[in-house]
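The numbering of the sequence shown is my numbering, which starts it at 685 and goes up by one.
Report on the structure given below.
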Amino acid sequence: MPFQGVYAECGLFVCLEGGEGAGKSTQARLLARRLEAEGHEVLLTREPGDTLVGARVRELLLDPATGAMADRTEALLYAADKAEHVERVVLPALERGAVVVTDRYVDSTLAYQGAGRTLDRDELAWVARWATGDLRPHLTVLLDLDPVRGMGRFEGRDRIESEGADFHLRVRQEFLRLAAADPQRYLVVDATAAPDAVGEQVWSRVAALLPERAR
Ligand code: T5A
């Protein structure tokens, strides 16, 4: 059964996506701060791990000590985190009319478990859409960066970051493909720019959506 995509009727749902070290957390914080300064209620959240269940799932998924797991197990664990996240965190905030800013969402699964692990794209999309009730962001900001450069921005590698260069290149290409397929719902930003310059681009797109959507 194909999903149609559900967009929250109140609140504003913004998602930051991109490869490792692209600056998602930095931009999510900058955006939240600016929204709050403008008087909006903001919920800053992330995947995986922003619920009690999700925190335990995150540890399983990212701890190098977990070692190898079947690709489908990995995809289902990420889907479980999403189900919990949407039902307990994202939807209640949107229903209050808040701006929800999430660091990663469904596109991460399509990029990492789909293009990265090479699981079937349609099957995986079905699982992720089912887990989230097909709730879609009003806007996804893709911070695009060469993975070699992104990895150079931090030290230490978790279970996913330890994958090879080809894996991370496929992830980048898939993010770009998803964005190109729906330009009205995406903003692609060159993440080599300085954080404040990236933040300005993000803000101008988000600000345009605010009057009609969030309180
Ligand atoms: N995953 C996740 C899946 O496989 N499937 C899924 O469905 C989901 C949801 C999560 C992992 O799980 C995978 C993807 C990931 O591998 P995580 O620990 O939550 O991992 O971390 P990431 O989301 O990968 O975040 P990172 O910590 O790698 O990076 P960010 O958030 O993109 O970058 P940020 O902001 O922390 O910045 C990193 C460093 O770069 C600097 C910052 O100061 C910081 O030092 N920086 C910049 N430097 C120069 N120029 C800029 N513009 C900069 N912006 C930030």
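We put the beta carbon where it would ideally sit given N, CA and C, even for glycine.
Test: residue i CB closer than 8 Å to a CB of chain C
| i | result |
| --- | --- |
| Leu744 | Included in the structure is just one protein chain, with no chain C present. |
CA-to-CA distance, residue j to residue i, given in whole angstroms
| i | j | result |
| --- | --- | --- |
| Glu884 | Val698 | 15 Å |
| Gly738 | His724 | 26 Å |
| Gly695 | Ala892 | 14 Å |
| Leu760 | Leu808 | 9 Å |
| Glu731 | His769 | 8 Å |
| Asp791 | Ala763 | 12 Å |
| Arg772 | Tyr789 | 15 Å |
| Glu845 | Ala749 | 14 Å |
| Arg833 | Phe859 | 17 Å |
| Asp830 | Gly689 | 30 Å |
| Leu794 | Gly836 | 24 Å |
Residues that DSSP places opposite residue i in a beta bridge
| i | result |
| --- | --- |
| Val785 | Val698 and Leu728 |
| Tyr870 | Thr824 |
| Leu819 | Val690 |
Contacts around residue i, its chain only, beta-carbon distance under 6 Å, and the 5 residues preceding and following it disregarded
| i | result |
| --- | --- |
| Phe687 | Arg813 and Asp818 |
| Ala849 | none |
| Gly800 | Phe851, Arg854 and Val855 |
| Ala777 | Leu727 and Val784 |
| Val774 | Val784 |
| Lys766 | Ala815 and Thr816 |
| Gly733 | Ala739 and Arg742 |
Buried or exposed (CB count within 10 angstroms, at least 16 for buried), residue i
| i | result |
| --- | --- |
| Phe838 | exposed |
| Gly707 | buried |
| Thr802 | exposed |
| Thr786 | buried |
| Glu779 | exposed |
| Ala754 | exposed |
| Glu720 | exposed |
| Gln857 | exposed |
| Thr757 | exposed |
| Ala875 | buried |
| Arg841 | exposed |
| Leu625 | Because residue 625 is not part of the residues shown, which for the chain are 685 to 899, the question remains open. |
| Pro821 | buried |
Own chain residues within Cβ distance below 7 Å of residue i, not counting five before or after
| i | result |
| --- | --- |
| Arg718 | Trp887 |
| Arg861 | none |
| Ala712 | Leu700, Leu728, Val785 and Asp787 |
Same chain, Cβ closer than 8 Å to residue i, five either side skipped, listed in chain order
| i | result |
| --- | --- |
| Arg889 | Leu823, Val825 and Leu871 |
| Val873 | Val825, Leu826, Leu827, Asp828, Val882, Gln885 and Val886 |
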